[in-house]
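Undergrad:
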Amino acid sequence: MKISDLDVKDDADFKGIDEEHKTIFNFIDKLHDIANQPKYHEYAIVILNSFIVFFVEHAIKEEQLLQHYLPAKLVDKHVSLHQDELNYLDESLKTLSVELSSINIQAIAEQLELEFKTHIFIYDKNIMKKLMEVKRTRKTVIESVRIN
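Going letter by letter, the sequence shown gives residues 61 to 208 in our numbering.
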C-alpha cells in the first residue's frame, strides 16, 4: 500500500510504514528470483530468516502506531493478522529446512505475495482510512478548542 494512495503522504508517522511495506515485497521478490536457480536455493532460508526478523520489527512498530489512534478491538484484529503471517513465515522456514526445492520456494513466495497483498492493499488500506478519520477528528477538536 502506498501512503500516497491514501492522501496522507505528508504524515511522517506513516511514511516509514509505507517504506517497510515496500521492503516486505522486496523479500518476496527475492524468493521469486531464486526459485528457478538451484545453485542459490540455500539463500531462500537466509532470505526467510531476514524477512522474519524484519517483519517482527515492522509489526511491532505498526501495532504501536495503531494503538496510539485506534480502538483496542481493531488493533487486536491487526495483531492477530500479523501473528498468522508470522506463523506462516515460520512454517515456510521449516518447510524449506526439510525440503529445499524450486517448487517449495515458488509456492511459498506465491502464498506470501497473496497474503501480503491482501493484508496491505485491502486490510491496511481500510485501517489507514480509519486512522486518518481519527486523526482529522482529533485535529478538528484541538483546533476548535484553540478557537474557543
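Ideal Cβ positions, reconstructed from N, Cα and C, are used throughout, including at glycine.
Between the alpha carbons of residue 129 and residue 150, how many angstroms are there, rounded?
TA: The sequence position of residue 129 within the sequence shown is 69, counting from 1. The sequence position of residue 150 within the sequence shown is 90, counting from 1. The alpha-carbon atoms of residue 129 and residue 150 are separated by roughly 30 Å.
Undergrad: Give the DSSP-derived three-state secondary structure of residue 67 in the structure shown.
TA: Taking the sequence shown and counting its residues from 1, one reaches residue 67 at position 7. For residue 67, the pLDDT reaches just 39, beneath the cut-off of 50, and the residue's location in the model is therefore unreliable, although a value from the coordinates is still provided. Coil at residue 67, not helix or strand.
Undergrad: Just list the alpha helix (DSSP H) runs in the stretch 130-160, keeping only unbroken ones of 4 residues or longer that don't cross its boundaries, in chain order.
TA: Those alpha helix (DSSP H) runs which fall completely within the stretch 130-160 and span 4+ residues are 132-158.
Undergrad: Considering Cα atoms alone, identify which of 165, 158, 179, 95 is closest to residue 84.
TA: To locate residue 84, count along the sequence shown from 1; it is residue 24. Comparing Cα-Cα distances from residue 84 to each of 165, 158, 179, 95, the minimum goes to 179.
Undergrad: Do residue 155 and residue 164 have their CB atoms nearer than 8 Å?
TA: The residue labelled residue 155 in the question sits at position 95 within the sequence shown. The residue labelled residue 164 in the question sits at position 104 within the sequence shown. Yes, these two residues count as a Cβ contact at 8 Å.
Undergrad: In whole angstroms, what separates the C-alpha of residue 152 from that of residue 111?
TA: Translated into the one-based positions of the sequence shown, residue 152 becomes position 92. Translated into the one-based positions of the sequence shown, residue 111 becomes position 51. Approximately 11 Å between the Cα atoms of the pair.
Undergrad: First and last residue of the alpha helix (DSSP H) that includes residue 219?
TA: In the structure as shown, the chain begins at 61 and stops at 208. Residue 219 is therefore absent and cannot be evaluated.
Undergrad: Buried or exposed for residue 181, going by 16 or more other Cβ atoms inside 10 Å?
TA: For this step, residue 181 is matched to residue 121 along the sequence shown. Under this definition residue 181 is an exposed residue.
Undergrad: Alpha carbon to alpha carbon, what distance is there between residue 94 and residue 189?
TA: The residue labelled residue 189 in the question sits at position 129 within the sequence shown. The residue labelled residue 94 in the question sits at position 34 within the sequence shown. Each residue's Cα considered, the two are about 36 Å apart.
Undergrad: May I have the straight-line CA-CA distance separating residue 82 from residue 195, to the nearest angstrom?
TA: Locating residue 82 in the sequence shown gives position 22, where the first residue counts as 1. Locating residue 195 in the sequence shown gives position 135, where the first residue counts as 1. One C-alpha to the other measures close to 24 Å.
Undergrad: Quick one: grab the DSSP three-state call for residue 97.
TA: Position 37 of the sequence shown, counted from the first residue, corresponds to residue 97. Three-state result, residue 97: coil.
Undergrad: Are the Cβ atoms of residue 96 and residue 162 separated by less than 8 Å?
TA: Taking the sequence shown and counting its residues from 1, the one referred to as residue 96 is at position 36. Taking the sequence shown and counting its residues from 1, the one referred to as residue 162 is at position 102. For residue 96 and residue 162, yes; Cβs fall inside 8 Å.
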